[in-house]
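Here the sequence shown stands for residues 89 to 436, numbered as in the working numbering. In this text, a Cβ means the ideal position worked out from N, Cα and C, and glycines have one as well.
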Amino acid sequence: MALPNPAAAMSSKSVIQTQATLLPAAAVHRISFSIDPSARRRHLRISAVHAAEPAKTPAAAAPKTDARVLSPLAPTPVGATWAPGTWKTKKALQLPEYPDEAELESVLTTMEAYPPLVFAGEVRSLEERLAEAALGKAFLLQGGDCAESFKEFSANNIRDTFRILLQMSVVLSFGGQLPVIKVSQKMDPNELTKLIDILNPTNKPGRITVIVRMGAENMRVKLPHLIRAVRRAGQIVTWVCDPMHGNTIKAPCGLKTRAFDAILAEVRAFFDVHEQEGSNPGGIHLEMTGQNVTECIGGSRTVTFDDLSSRYHTHCDPRLNASQSLELAFIVAERLRKKRMSSQRLIS
89 MALPNPAAAM SSKSVIQTQA TLLPAAAVHR ISFSIDPSAR RRHLRISAVH
139 AAEPAKTPAA AAPKTDARVL SPLAPTPVGA TWAPGTWKTK KALQLPEYPD
189 EAELESVLTT MEAYPPLVFA GEVRSLEERL AEAALGKAFL LQGGDCAESF
239 KEFSANNIRD TFRILLQMSV VLSFGGQLPV IKVSQKMDPN ELTKLIDILN
289 PTNKPGRITV IVRMGAENMR VKLPHLIRAV RRAGQIVTWV CDPMHGNTIK
339 APCGLKTRAF DAILAEVRAF FDVHEQEGSN PGGIHLEMTG QNVTECIGGS
389 RTVTFDDLSS RYHTHCDPRL NASQSLELAF IVAERLRKKR MSSQRLIS
């Protein structure tokens, strides 16, 4: 499932229905919605739910609801033929509830008076850079929290996250000599090419990003068939690895966690398959933080099951801490360096 309009950017998890995600170029890690002023007063209350995994605690789980976000711009009923606006008839996922309608209306009115956070030129620039990643001329680094609370949206936390992203981008740029821009095993290859054709009928480079998440072993078996199908169709996409969501486990203490070694194994499988198929590994999507949390086990500064409860601060899924993120960046940088050197030898 994806949004064909770059101006309406959503989190990859907000639209995910299987474990294969297609995103337009403007999709970013945070959620952004454009609200039609004429439709605002008719919007329904939206429950925050998680699209892929259960909440950590029963209290965090939202009740099931049939509420849908409706817009007069997209009257197409659910179940009808797909059209660019039919996503507006779907249930919105991972949004907080705002019980005070009057206060919500006041805040929305204030926000509408502000200049946009993202300008059209920036969206076009991102699309161009993603096109470079699709062609093997750049590498996408996408990272951030799985869920961000308003309480933790502070200058210090933003600084820490951007600092670790900048450090990782320097490592990847040095290793790959490439600029850094910032599909489940169940996906049928023919279905993938049909979706790509619907979302990008003109085959514009940088328009479609395919985020693959399936675990290391499935990656080695299933990803080659997807790559070959896309190549046969002559389609240009940016292949991105999400090594996080296929590797979530339950620790003996009951907390969700992810093993660094399992994450690393899926990243290596992603690069191995693309090397085998002669295609371009376009990027990596991580859930991470610049803080010294203990949510994922392993890494060079080993975090054990016993360590998890000491600094387990996530509001949703376990994240790589600063040390684990940098360690992974160095490993990816080495793979990019080897790929670059191999390409140079072929040219010479």
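Discussion item. Within 10 Å of its beta-carbon, does G452 have 16 or more other beta-carbons around it, so buried, or fewer, so exposed?
Written reply: This structure does not reach residue 452, given that the chain is present from 89 up to 436, and the question cannot be answered.
Worksheet item: By Cβ distance below 7 Å, which residues in the same chain neighbour P293 in space, the five residues on each side in sequence not counted?
Response: A219, A222, L223, I324
Worksheet item: Are the CB atoms of T402 and G371 nearer to each other than 9 Å?
Response: no
Worksheet entry | Whether E375 touches R399 by CB criterion (9 Å) | no
Worksheet entry | W170 (DSSP reduced to helix, strand or coil) | coil
Discussion item. Once DSSP output is grouped into helix, strand and coil, what is the label at Q273?
Written reply: coil
Worksheet item: Rounded to a whole number of angstroms, what is the C-alpha to C-alpha distance between N278 and V309?
Response: 16 Å
Item to complete: May I have the straight-line CA-CA distance separating E383 from T345, to the nearest angstrom?
Response: 6 Å
Discussion item. Whole angstroms are fine: how far does the CA of D405 sit from the CA of L192?
Written reply: 28 Å
Worksheet item: What do you reckon, are the CB atoms on A410 and D248 nearer than 9 Å?
Response: yes
Worksheet item: In three-state DSSP terms, what is R156?
Response: For R156, the predicted model reports a pLDDT of 34, less than 50, meaning its position is unreliable and no value from the coordinates is stated.
Worksheet item: Closest to I296 by CA distance: which of V391, V361, P331, E216 is it?
Response: E216
Worksheet item: Grouping DSSP H, G and I as helix and E and B as strand, with all else coil, what is K344?
Response: strand
Discussion item. Between G209 and chain D, is the shortest Cβ-Cβ distance under 9 Å, so that the two count as touching?
Written reply: Here there is only one protein chain, and chain D is not present.
Practice prompt. Along the alpha helix (DSSP H) that carries I315, what are the first and last residues, could you check?
Written response: 304-320
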